[in-house]
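Take the sequence shown: its letters are residues 38 to 224, numbered as in this note's numbering. This report concerns only the one structure given below.
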Amino acid sequence: MVCPTIENMGYDRDVLQALLYYSTSEDDFMLPTIEEFILSEVVNGTLEYLGRDAGKVKYQDFKGGRDSFEKAAWDYFEEESVLSDKEIDPDVMASISRMAGYHIVYPDGPDGPYPKAGLYSTFKSVLFSGMCMSSSFSLLQKDVYHVKKKVIPSLSEAARADVEAIGKIMRRHINEDLVYIGETYMW
Numbered sequence: 038m039v040c041p042t043i044e045n046m047g048y049d050r051d052v053l054q055a056l057l058y059y060s061t062s063e064d065d066f067m068l069p070t071i072e073e074f075i076l077s078e079v080v081n082g083t084l085e086y087l088g089r090d091a092g093k094v095k096y097q098d099f100k101g102g103r104d105s106f107e108k109a110a111w112d113y114f115e116e117e118s119v120l121s122d123k124e125i126d127p128d129v130m131a132s133i134s135r136m137a138g139y140h141i142v143y144p145d146g147p148d149g150p151y152p153k154a155g156l157y158s159t160f161k162s163v164l165f166s167g168m169c170m171s172s173s174f175s176l177l178q179k180d181v182y183h184v185k186k187k188v189i190p191s192l193s194e195a196a197r198a199d200v201e202a203i204g205k206i207m208r209r210h211i212n213e214d215l216v217y218i219g220e221t222y223m224w
């Protein structure tokens with residue numbers, strides 16, 4: 038995985054904020070707090086938008102096993118996305134590819150090594166308003182305002198159209214994950 042530049046990190050944050058914004062509505066506004074679910078939803082929403090087979094690699098199928106989810110999600114995303122004939126804004130595709138990409142972290146001590154997707158750091162930076170310890174959250178009004186007034190206008194028209202469509206597709210995957218989370222997690 039190539040280290041992203043400061044500009045790329047900012048653009049990735051904008052894309053993820055817009056994806057999460059577009060994936061919500063007045064009726065469906067909750068999002069998973071667990072970053073692996075968000076990675077799964079972004080990958081599967083993008084693949085579905087590209088007309089590819091989405092949903093074959095979902096975090097809930099890994100039963101909490103982190104050892105291979107990130108690699109499986111990246112491998113499947115990379116394999117399926119190149120087979121698509123659909124045009125997508127190249128900046129958006131590069132951003133989602135950076136977020137889906139993974140690497141192994143080798144920390145000192147007993148915690149490693151472990152896989153980490155690019156989205157994980159981006160997701161933490163998106164939640165700039167903070168949240169309580171819960172398995173799901175909703176975007177705060179000030180976050181929604183920031184995305185509507187600052188982030189979306191900063192995207193090109195083509196990027197905005199792609200991000201909006203992917204975000205709306207993500208909602209189905211989010212709802213499936215929220216049902217699973219509600220049945221599985223006690224927090």
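Beta carbons: idealized from backbone N, C-alpha and C, even for Gly.
Report the three-state DSSP secondary structure of residue 68 (helix, strand or coil). Walking along the sequence shown from the start, residue 68 turns up at place 31. If DSSP states are grouped into helix, strand and coil, residue 68 belongs with the strands.
Comparing C-alpha positions only, which one of 106, 223 and 136 sits nearest to residue 83? Against the sequence shown, residue 83 aligns to sequence position 46. Of the candidates 106, 223 and 136, the one whose C-alpha sits nearest the C-alpha of residue 83 is 136.
Thinking residue 208 and residue 65 are a contact (beta carbons under 8 Å), I'd like their distance in whole angstroms, please. Position 171 of the sequence shown, counting from 1, holds the residue named residue 208. Position 28 of the sequence shown, counting from 1, holds the residue named residue 65. So it is a contact: roughly 6 Å between Cβ atoms.
Give the straight-line distance between the Cα atoms of residue 156 and residue 63, rounded to the nearest whole angstrom. The residue you call residue 156 lines up with position 119 of the sequence shown. The residue you call residue 63 lines up with position 26 of the sequence shown. Approximately 26 Å, taken between the alpha carbons.
If we ignore side chains and look at the alpha-carbon of each, how far apart do residue 160 and residue 133 end up? In the sequence shown, the residue the question calls residue 160 occupies position 123. In the sequence shown, the residue the question calls residue 133 occupies position 96. The alpha-carbon atoms of residue 160 and residue 133 are separated by roughly 12 Å.
Three-state secondary structure (DSSP) of residue 195: By 1-based counting over the sequence shown, the position of residue 195 is 158. In this structure, residue 195 counts as helix in the three-state DSSP scheme.
So who's on the other strand from residue 153, going by DSSP bridges? The count along the sequence shown starts at 1 and reaches residue 153 at position 116. Residue 153 is bridged by DSSP to 140.
DSSP has residue 74 in a bridge; who is on the other side? In the sequence shown, residue 74 corresponds to position 37, counting from 1. BP columns for residue 74 are empty, so no partner.
Does the distance from the C-beta atom of residue 224 to that of residue 171 stay below 8 Å? Within the sequence shown, residue 224 is the residue found at index 187, counting from 1. Within the sequence shown, residue 171 is the residue found at index 134, counting from 1. Going by C-beta atoms, residue 224 is nearer than 8 Å to residue 171.
Would you check if the segment 54-61 and the segment 200-207 touch, i.e. whether three or more CB-CB distances between them fall below 8 Å? yes
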